[in-house]
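Protein chains in written order, with the working numbering: chain A, 224 to 556; chain B, 2 to 338. Cβ atoms here follow ideal geometry from the backbone N, Cα and C, with glycine treated the same way.
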Amino acid sequence: MEDEPLFADRPEWADVVPLEQYEGVIPLAPIFYTNEYKDATNYFRGIVKTGEMSPRVLDLTENIIRQNPAHYSAWQYRYKTLIFLNAPLDVELRLMDELAVKYLKTYQVWHHRRLLVQQTKNPAPELEFIADSLQIDTKNYHTWSYRQWILAHFNDDALWSRELEFVESMLNYDLRNNSAWHHRFFVVFQSGVRKGDEDRAEVVRRELTFVKTKISTAPNNASAWNYLRGVLDHSKTPYSSLKSFVTPYSVPHSSHQDVTSEDIVDLENPLPSPGAQLPCVAAIEFMADAHESNGGDDLMRATELWRSLADEHDTMRKKYWEYRIKEALQNVR
Amino acid sequence: MGLPGSQVEIDPSKLALAFYCLGTLDLTGQLADQNTRESEKELWRQWIWAQQTRSERHGTGFRPGNYMTAIDGPVDVYSEKSENPPQIITTYTALLSLAILRDDFTKLDREGIIKFLQVCQNPDGSFSSEPFGGDADLRTMYCAFVISSMLNDWSGIRLPDAFKFIKSCRTYEGGYGQIPFAESSGGPTYCALASIYLAPEGDEAAKLSDSERKQTIRWLIQNQEPSGGFRGRTNKEADACYCFWCGASLSILKARELTCELSLSRFIASCQFKFGGISKAPNEHPDPYHTYLSLAAVAVYPPSNGQSWQLQSLDPLLNANEETSKWAREHIPQPAS
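In structure tokens, the structure reads:
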């Protein structure tokens with residue numbers, strides 16, 4: 224862009240009166256704009272004043288956006304001009320493919336894209352674009368929210384059909400990517416019932432099997448434990464029904480070596496991998512919660528587990544675990 | 002004094018930047034008369050007031066700055082065609098910045114601001130960032146709530162719709178996402194909780210149930226990672242700004258004492274830059290946003306060791322020095338006639 228002449232030097236812009244920025248009051252934190260930026264924004268103010276919406280406005284606003292992707296008004300005026308000119312929006316979207324990746328963390332890039340897709344009503348290519356841009360930044364918040372918005376807004380069976388596959392590919396790459404876990408919950412539980420998922424009890428079983436397998440591969444993964452809790456809470460399944468799965472994760476390795484040596488292969492309850500770091504804090508916490516909701520004598524077992532977290536396994540959160548003990552005992556009285 | 006051309010991206014949110022800088026000075030006691038000249042404060046106030054802009058149909062608010070105001074144009078009115086409308090986020094930061102500067106708010110167009118909020122609210126209860134559209138999320142929601150709370154006038158918000166939108170952003174993890182269906186994150190969680198707890202008394206439907214409150218506290222506490230810093234989302238790295246967003250959220254939920262404040266201040270100390278300022282993580286570049294939010298976090302969680310850590314105490318709902326918050330509540334509402 225540095226090679227491009229200033230708008231002030233372009234004969235085809237000679238008819239536009241550039242307008243400087245108003246600075247009537249001594250400005251707070253003034254910015255020393257570059258000449259290129261001053262030049263382009265002066266012409267933009269001039270254009271806004273006359274209300275011109277022509278193809279050259281698209282050049283001008285693109286120029287400004289490339290210098291300042293957060294320039295709210297340039298985006299807005301660009302969108303109005305595109306609509307006014309009835310410009311081909313697929314061409315605009317291809318330009319956005321480049322700019323979105325360049326300015327992944329700018330709100331305006333994504334907002335503009337939403338407006339465009341609402342016009343084209345062609346969401347399918349978006350999923351591919353999103354998948355590509357998540358390769359670059361696997362947890363980008365804007366990108367994931369945009370995917371959720373596309374799916375929910377257009378709510379088309381064909382769009383949903385490969386989402387679980389997509390989540391699995393993201394999790395295969397990084398099992399601790401919470402954005403992917405969250406997306407799975409959104410797809411399975413938060414957005415209506417997918418084709419083939421009508422049997423909800425079966426869906427819950429499938430999800431429990433899925434998350435258990437992932438926990439057995441990497442037990443100290445807060446995302447997976449939160450997902451497990453999410454599935455149980457959503458389906459109102461008591462935590463205590465998972466005791467036999469969780470127990471081996473809540474104790475040191477040596478305590479269940481005897482069990483593994485007996486070669487019991489229980490597909491419902493996969494065991495932690497031999498190299499796993501145990502006991503796992505999330506498992507102890509889970510067992511304590513299960514005991515707490517059972518109440519009665521189990522409450523003492525819950526407090527013992529919280530005590531072990533406070534004093535030994537998760538001392539940083541000592542005050543939190545002691546609060547759990549206090550709360551639980553208070554409720555008994 | 003000024004910023005280099007490379008910082009041009011902050012131009013469309015200049016008033017937010019001003020708030021982070023003024024907030025930093027406020028929390029560290031630098032705005033007291035012996036530290037900052039009154040004449041200087043007066044110039045700052047004048048610049049902020051110069052951003053108040055009106056429209057008969059769309060209401061009054063504050064623009065982010067002069068970046069779209071042309072030299073020949075009217076400076077205190079806007080229209081759908083002027084491309085320099087007020088924004089809800091900078092309207093909130095303007096009011097708070099003026100309170101920091103102890104303005105008397107005689108120039109405030111209160112009715113216009115209420116109108117502006119009404120125009121910005123969408124059918125789904127959310128608020129657009131400006132009267133002619135723009136993104137709508139829990140940030141803009143929070144701004145609408147703080148503005149109404151400071152004005153002590155709730156006629157600008159359809160509260161039941163707003164609460165419905167907030168609820169629709171809650172996720173299975175116990176936090177809130179920026180928009181419906183999005184992942185739980187510290188910033189939107191703060192915005193949701195602060196909005197709910199700023200709402201006028203008697204709106205019981207808005208409040209969290211016991212089990213929701215417990216779940217949210219759990220998620221927040223789990224986000225404090227071994228370095229002592231908070232992360233914004235499960236399994237991400239700690240970032241100084243989330244020490245405020247998550248830390249203040251716990252304070253709003255009356256669970257402040259559950260945080261490990263010593264390790265929190267240790268983390269923030271490690272984010273200090275050797276030539277001043279605080280960055281998001283150790284060995285990164287500092288900026289006004291992370292500097293202010295880190296100090297705000299320390300103000301919520303003052304460590305017991307060391308005088309230099311003693312800051313002005315903070316109102317977690319308004320995200321301001323308590324004295325400033327008191328000033329805002331005394332001077333921003335319509336004076337009794």
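Could you list the residues in the stretch 285-296 of chain A with a C-beta less than 8 Å from some C-beta on chain B, going in chain order?
Listed by position, the residues of the stretch 285-296 of chain A near chain B (Cβ gap below 8 Å) are Q290, N291, P292, A293, H294, Y295, S296.
Quick check on DSSP: helix, strand or coil for N258 (chain A)?
Working through the first sequence from its first residue, we reach residue 258 (chain A) at position 35. Helix at N258 (chain A).
How many Å lie between Q273 (chain B) and C144 (chain B) at the Cα?
For this step, residue 273 (chain B) is matched to residue 272 along the second sequence. For this step, residue 144 (chain B) is matched to residue 143 along the second sequence. If you take the alpha carbons of Q273 (chain B) and C144 (chain B), they lie about 29 Å apart.
Candidates B:Q216, B:E213, B:E258, B:L265: which alpha carbon is nearest R232 (chain B)'s?
For the purposes of this step, residue 232 (chain B) is taken as residue 231 along the second sequence, with counting starting at 1. Nearest C-alpha to R232 (chain B): B:L265.
For F20 (chain B), I'd like the list of residues in its chain whose CB is within less than 7 Å of its CB, leaving aside the five on either flank, ordered along the chain.
Against the second sequence, residue 20 (chain B) aligns to sequence position 19. Only T94, L97, S98 meet the Cβ criterion.
Under a three-way DSSP split, which group does S484 (chain A) fall into?
Counting from 1 along the first sequence, the entry for residue 484 (chain A) is found at position 261. Because S484 (chain A) sits at a pLDDT of 49, beneath the cut-off of 50, its placement in the model cannot be relied upon, and the point is left open.
With distances taken between CB atoms, is the gap from G24 (chain B) to Y293 (chain B) smaller than 8 Å?
Counting from one through the second sequence, the residue named residue 24 (chain B) turns up at place 23. Counting from one through the second sequence, the residue named residue 293 (chain B) turns up at place 292. The answer is yes: Cβ separation under 8 Å.
What does V411 (chain A) touch in chain B if you count any residue whose Cβ is under 7 Å from its own?
The residue labelled residue 411 (chain A) in the question sits at position 188 within the first sequence. Correct list: empty, because the minimum Cβ distance to chain B is about 11 Å.
According to DSSP, A256 (chain B) sits in a beta bridge with which residue or residues?
Taking the first residue of the second sequence as position 1, residue 256 (chain B) is located at position 255. Note: A256 (chain B) sits in no beta bridge, so no partner.
Taking the alpha helix (DSSP H) that D320 (chain A) falls in, what are its first and last residues?
In the first sequence, residue 320 (chain A) corresponds to position 97, counting from 1. Run containing D320 (chain A): 312-325, per the alpha helix (DSSP H) assignment.
Please state the DSSP three-state secondary structure of V78 (chain B).
One-based indexing of the second sequence puts residue 78 (chain B) at position 77. Note: V78 (chain B) maps to strand in three-state DSSP.
In three-state terms, what does DSSP make of S130 (chain B)?
Counted from its first residue, the second sequence places residue 130 (chain B) at position 129. Reduced to three states, the DSSP call for S130 (chain B) is strand.
Take V9 (chain B) as the anchor and find which of A:D422, A:A252, A:T273 has the nearest alpha-carbon.
Within the second sequence, residue 9 (chain B) is the residue found at index 8, counting from 1. Taking only the C-alpha atoms, the option nearest V9 (chain B) is A:A252.
Looking at the unbroken alpha helix (DSSP H) that takes in E425 (chain A), where does it start and where does it end?
On the first sequence, position 202 is the one that residue 425 (chain A) refers to. Its alpha helix (DSSP H) spans residues 423-440.
Taking the straight line between their C-alpha atoms, what separation do you get for A134 (chain B) and E391 (chain A)?
What you label residue 134 (chain B) is simply residue 133 of the second sequence in a count that begins at 1. What you label residue 391 (chain A) is simply residue 168 of the first sequence in a count that begins at 1. In the sequence as displayed, the identity of residue 134 (chain B) is Gly instead of Ala. Distance between the alpha carbons of G134 (chain B) and E391 (chain A) is about 36 Å.
When DSSP builds the beta bridges, which residues end up paired with F231 (chain B)?
Here residue 231 (chain B) corresponds to residue number 230 of the second sequence, with the count starting at 1. Partner(s): B:Q225.
To which residues of the same chain is K165 (chain B) closer than 7 Å at the C-beta, ignoring the five residues directly before and after it?
Translated into the one-based positions of the second sequence, residue 165 (chain B) becomes position 164. Take K165 (chain B), set aside five residues on each side of it, and the residues of its chain with a beta-carbon closer than 7 Å to its own are G126, in chain order.
Give every residue of the same chain whose Cβ lies closer than 6 Å to the Cβ of Y290 (chain B), excluding the five residues on either side of it in the sequence, and list them in chain order.
Locating residue 290 (chain B) in the second sequence gives position 289, where the first residue counts as 1. So the list reads Y21, once near-sequence residues are dropped.
Let me know if H294 (chain A) comes out buried or exposed under the rule of 16 or more other beta-carbons within 10 Å of its beta-carbon.
As a working mapping, residue 294 (chain A) is identified with position 71 in the first sequence. Label assigned to H294 (chain A): buried.
For V555 (chain A), which residues from the same chain have a beta carbon less than 7 Å from its beta carbon, with the 5 sequence-adjacent residues on both sides left out?
Taking the first residue of the first sequence as position 1, residue 555 (chain A) is located at position 332. Apart from sequence neighbours up to five positions away, the residues of its chain that approach V555 (chain A) with a beta-carbon distance below 7 Å are L522, ordered along the chain.
Name the residue from B:D204, B:D240, B:R140 whose alpha carbon lies nearest to the alpha carbon of A193 (chain B).
Here residue 193 (chain B) is taken as the residue at index 192 of the second sequence, counted from 1. By alpha-carbon distance to A193 (chain B), the top candidate from B:D204, B:D240, B:R140 is B:R140.
For S484 (chain A), does the count of other Cβ atoms within 10 angstroms reach 16, so buried, or fall short, so exposed?
By one-based count along the first sequence, residue 484 (chain A) stands at place 261. Any answer about S484 (chain A) is weak, because its pLDDT of 49 lies below 50 and its placement is not dependable; what the coordinates show is given next. By the 10 Å Cβ count, S484 (chain A) comes out exposed.
If we cut at 8 Å on Cβ distances, does E485 (chain A) have a partner in chain B?
Position 262 of the first sequence holds residue 485 (chain A). Unreliable positioning characterises E485 (chain A) in this predicted model, as indicated by a pLDDT of 49, which lies under 50. A coordinate reading is not provided.
My guess is that I507 (chain A) and S458 (chain A) are in contact by the Cβ rule of under 8 Å, so how many angstroms apart are they, rounded?
One-based indexing of the first sequence puts residue 507 (chain A) at position 284. One-based indexing of the first sequence puts residue 458 (chain A) at position 235. In this structure I507 (chain A) is not in contact with S458 (chain A), their Cβ atoms being roughly 23 Å apart against a cut-off of 8 Å.
Distance, Cα to Cα, E81 (chain B) vs V416 (chain A)?
Translated into the one-based positions of the second sequence, residue 81 (chain B) becomes position 80. Translated into the one-based positions of the first sequence, residue 416 (chain A) becomes position 193. E81 (chain B) and V416 (chain A) have their C-alpha atoms some 42 Å from each other.
Closest by CA to W328 (chain B), which one among B:G278, B:L16, B:D316?
Taking the second sequence and counting its residues from 1, one reaches residue 328 (chain B) at position 327. For W328 (chain B), the nearest C-alpha among the options comes from B:D316.
Pull up the CB-CB distance for G269 (chain A) and P228 (chain A), whole angstroms please, since I reckon it's below 8 Å.
Here the question's residue 269 (chain A) lines up with position 46 in the first sequence. Here the question's residue 228 (chain A) lines up with position 5 in the first sequence. No, G269 (chain A) and P228 (chain A) are not in contact; Cβ-Cβ is about 17 Å, not under 8 Å.
Given 8 Å as the limit, is there contact between the stretch 234-250 of chain A and the stretch 64-79 of chain B, that is, 3 or more CB pairs closer than that?
yes
Whether or not the stretch 322-340 of chain A and the stretch 360-371 of chain A are in contact is what I'm after, with contact meaning three or more pairs of Cβ atoms, one per stretch, closer than 8 Å; do they touch?
yes
For P243 (chain A), go through chain B and note every residue whose CB falls closer than 8 Å to its CB, in chain order.
On the first sequence, residue 243 (chain A) is found 20 positions in, with the first residue counted as 1. Reading off the sequence shown, one finds Glu at residue 243 (chain A), where the question assumed Pro. Ordered by position in chain B, the residues that pass the 8 Å Cβ test against E243 (chain A) are A71, I72.
Anything in the stretch 56-68 of chain B with a Cβ closer than 9 Å to a Cβ of chain A? List those residues in chain order, please.
So the list reads P65, G66, N67, Y68, given in the order they occur along the chain.
For T54 (chain B), tell me which candidate among B:A195, B:E331, B:W45, B:N85 has the shortest Cα-Cα distance.
Here residue 54 (chain B) refers to the residue found at position 53 of the second sequence. In terms of CA proximity to T54 (chain B), B:N85 leads the group B:A195, B:E331, B:W45, B:N85.
Taking only runs of the beta strand (DSSP E) that begin and end inside the stretch 455-538 of chain A, which ones reach a length of at least 3 residues, in chain order?
Segments of the beta strand (DSSP E) lying fully in the stretch 455-538 of chain A: there are none.
If I measure Cβ to Cβ from T176 (chain B) and keep anything under 6 Å in the same chain, skipping five residues before and after, which residues do I get?
Taking the first residue of the second sequence as position 1, residue 176 (chain B) is located at position 175. For the record, residue 176 (chain B) in the displayed sequence is Gly; it is not Thr. Contacts found: S185, T190, W220.
Which residues in the same chain as N492 (chain A) place their Cβ atom closer than 6 Å to its Cβ, once the five residues preceding and following it in sequence are excluded?
Residue 492 (chain A) sits at position 269 when you count from the first residue of the first sequence. Answer for N492 (chain A): S467, F468, listed in chain order.
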